[in-house]
């Protein structure tokens, strides 16, 4: 019980919600695979959980990101190039 008091009830609430939603997702996926009568509800839960897993959760504001393209850069390139695309523009990648 000392661990619960030390971590606080909010921490356990978030962990409990994550475990509950994870269990719901696994139920939907296993039901889709194993039960022939699985339907739209299970498919929606499984697709929604997968969709959440591909969200970019490690985002930073644009001004703090490494290799960021500056504001107005594409307008300047297109204006200077006469609308011919990004010819002669260095790539910001690795």
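Residue numbers (our numbering): 9 to 102. All C-beta atoms, glycine included, are put in the ideal place defined by N, C-alpha and C. Every value quoted in this text rests on a predicted model; they were computed, and no experiment measured them.
Sequence-distant residues of its chain with Cβ nearer than 8 angstroms to residue i (five each side left out)
{"i": "residue 51", "result": "36, 40"}
Assumed close pair residue i, residue j - CB separation to whole angstroms, cut-off 8 angstroms
{"i": "residue 32", "j": "residue 62", "result": "That belief does not hold up - the Cβ atoms of residue 32 and residue 62 are roughly 18 angstroms apart, past 8 angstroms."}
Residues near residue i by beta carbon distance below 6 angstroms, same chain, minus five either side
{"i": "residue 30", "result": "none"}
{"i": "residue 57", "result": "33"}
Neighbourhood of residue i by C-beta, 7 angstroms cutoff - its chain only, sequence neighbours within 5 removed
{"i": "residue 24", "result": "none"}
{"i": "residue 82", "result": "none"}
{"i": "residue 46", "result": "39, 40"}
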